[in-house]
Amino acid sequence: MSFRDIYGHAREIDFLRNSLKRNRVAHAYLFSGMPGVGKKTTAVVFAKALNCLNDGSDSCEHCTSCRKIAHGAHPDLVVVKPQGIVIKIADIRELQKQMQFRPFEGRRRVVIIEDAHRMNEAAANALLKTLEEPMPYNVLILLTSRNDGLPRTILSRCQKIRFSPVRPETVKSYLMETRAMKEDDAAIIAAASQGSIGRILERDEESRERFKTGTIEKIAMLDRGNALSLFSIAHEFGDERTVIMEKLGLLREWLRDILVLKETDRRDFMLHRDLLEITENLSETMGRASAIHAIETVARAIRAIERNANKQLTLESMLFTLFHLVSVENEDVHRNRISVKRTYGR
1 MSFRDIYGHA REIDFLRNSL KRNRVAHAYL FSGMPGVGKK TTAVVFAKAL
51 NCLNDGSDSC EHCTSCRKIA HGAHPDLVVV KPQGIVIKIA DIRELQKQMQ
101 FRPFEGRRRV VIIEDAHRMN EAAANALLKT LEEPMPYNVL ILLTSRNDGL
151 PRTILSRCQK IRFSPVRPET VKSYLMETRA MKEDDAAIIA AASQGSIGRI
201 LERDEESRER FKTGTIEKIA MLDRGNALSL FSIAHEFGDE RTVIMEKLGL
251 LREWLRDILV LKETDRRDFM LHRDLLEITE NLSETMGRAS AIHAIETVAR
301 AIRAIERNAN KQLTLESMLF TLFHLVSVEN EDVHRNRISV KRTYGR
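Here you go:
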């Protein structure tokens, strides 16, 4: 993949290509934006272009260097990831040892630090020393979805590039051109992508369908059960952070469908039309304020888990709130119906 193959981010790519043309490459970059928006893809392509044997502002995809990077086999492309939930000082110290020497093969050693906001304090302080005393043959690229998770001292020493969500039309084009998807299907998935092509690529369709037809239907019928059922529902979100975040995203989309149907009565605006029956039922019984509150409740849970809150407690707290919103609304509707029957039955 080259810069030409990246969908969206034209402004960001133009900036990087111009820095290559003018030979004004910074020693450190901060690529920020939502998860799956294309930060790592762009960073790897930038690494290719920096070391491409056919000098230019893009990778040729044919030389030995480009092919090695594409296969993850180039010795001068180093990727650092969190081990568990944090990047530890030992990881940064090992990186610093490598960066003391000249690149093995390429013109530049490119270091990509994923989820840079997950560096603990000691690791961040150690990295700061590297940023303060850069070597001309090293390029650091920090990837983050949370600028506020990094010290200002690090932020101030990086060239910042912000990646905005990809437009739905661009996501749709990507799906039609690279996945041979029909236009209507591509439009629905693009609308649900929230501007993240990576989010689409990582989707496990079978797991998504099980969650939608199982867990979401249980949440829709919380008023018919009891609060104790919430504990078993919370376990259905799984234990892995990425899986939980994916399922919370689905839940938020479905709650958004309830609000859209309630406000517009337009089924073609729904993201999950396969859940039409339960969505229609709740759009009739839930008030507008409760639907908005439910969406905000899930959004708060997403933010909490992003900040490493206890996953199980966060999910249980979220579900208790949803239980209250769903059950209270349905009780009110039930009472109103009884009241109307009594009034007209006199």
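Position one of the sequence shown corresponds to residue 1 (this note's numbering), numbered consecutively onward. Even for Gly, the Cβ is constructed at its ideal location relative to N, Cα and C.
1. Name the DSSP bridge partner or partners of Q159?
2. Check whether the stretch 177 to 192 and the stretch 206 to 220 are in contact - that is, three or more C-beta pairs closer than 8 Å.
3. Which term fits E121, buried or exposed, when burial requires 16 or more other beta carbons within 10 angstroms of its beta carbon?
4. Using three-state DSSP, classify R109 as helix, strand or coil.
5. How is I92 classed by DSSP in three states: helix, strand or coil?
6. Kindly indicate which three-state DSSP category I6 falls into: helix, strand or coil?
7. Who are I141's beta bridge partners in DSSP?
8. Which whole-angstrom value describes the C-beta separation of H27 and V139, a residue pair presumed to lie in contact below a C-beta threshold of 8 Å?
9. Find the nearest neighbour of V243 within the set H324, I89 and R199, judged by alpha-carbon distance.
10. At which residues does the alpha helix (DSSP H) containing L430 begin and terminate?
11. Hey, how far is the Cα of S57 from the Cα of V110?
12. Could you say which of S164, F163 and S193 lies nearest to L175 if we only look at CA atoms?
13. Mapping DSSP to helix, strand and coil, what is I216?
14. Candidates F15, N281, I233 and E105: which alpha carbon is nearest L255's?
15. Tell me whether T264 is buried or exposed, calling it buried when 16 or more other Cβ atoms sit within 10 Å of its Cβ.
16. Taking the alpha-carbon of G38 as reference, which of A301, M270 and V171 has the nearest alpha-carbon?
17. Using 10 angstroms around the beta-carbon of S410, count the other beta-carbons present and answer buried if the total reaches 16, otherwise exposed.
18. In whole angstroms, what is the alpha-carbon distance linking A187 and R108?
19. Mind checking which residues open and close the alpha helix (DSSP H) that includes V298?
20. Give every residue of the same chain whose Cβ lies closer than 7 Å to the Cβ of E316, excluding the five residues on either side of it in the sequence, and list them in chain order.
21. Relative to the C-alpha of L276, which residue among E296, E253, T297 and R288 is closest?
22. With which residues is M119 paired in a DSSP beta bridge?
23. From the DSSP output, read off the bridge partner residues of V80.
24. Is it a yes or a no for the stretch 288 to 305 touching the stretch 257 to 273, going by three-plus beta-carbon pairs under 8 Å?
With the structure as the only source:
1. Looking at the DSSP assignment, Q159 forms a beta bridge with Y29.
2. A contact is defined here as three or more CB-CB pairs under 8 Å, and the stretch 177 to 192 fails this definition with respect to the stretch 206 to 220.
3. E121 should be labelled exposed.
4. DSSP, read as helix, strand or coil, puts R109 in strand.
5. In the structure shown, I92 sits in a helix (DSSP, three-state: H, G or I).
6. Note: I6 maps to coil in three-state DSSP.
7. Bridge partners of I141: Y29 and I112.
8. Sure, about 6 Å apart at Cβ, within 8 Å.
9. Of the listed residues, the one whose Cα sits closest to V243 is R199.
10. Outside the shown range of the chain, which is 1 to 346, sits residue 430, and nothing can be said about it.
11. Rounded to whole angstroms, the gap between the alpha carbons of S57 and V110 is 16 Å.
12. Cα-wise, what sits closest to L175 is S193.
13. Reduced to three states, the DSSP call for I216 is helix.
14. Minimum Cα distance to L255 is reached at N281.
15. With fewer than 16 other beta carbons inside 10 angstroms of its own, T264 counts as exposed.
16. The shortest C-alpha separation from G38 is found at V171.
17. The structure shown does not extend to residue 410, since the chain spans only 1 to 346, so no value can be given for it.
18. The straight-line gap from Cα to Cα measures roughly 41 Å.
19. For V298, the uninterrupted alpha helix (DSSP H) run begins and ends at R288 to E306, by DSSP.
20. Setting aside the 5 residues that flank it on each side, E316 is surrounded in the same chain by L230, F231 and A234, each with a C-beta closer than 7 Å to its C-beta; the list follows chain order.
21. Comparing Cα-Cα distances from L276 to each of E296, E253, T297 and R288, the minimum goes to E253.
22. BP columns for M119 point to I87.
23. The bridge partners DSSP lists for V80 are I113.
24. Verdict: yes, contact present.
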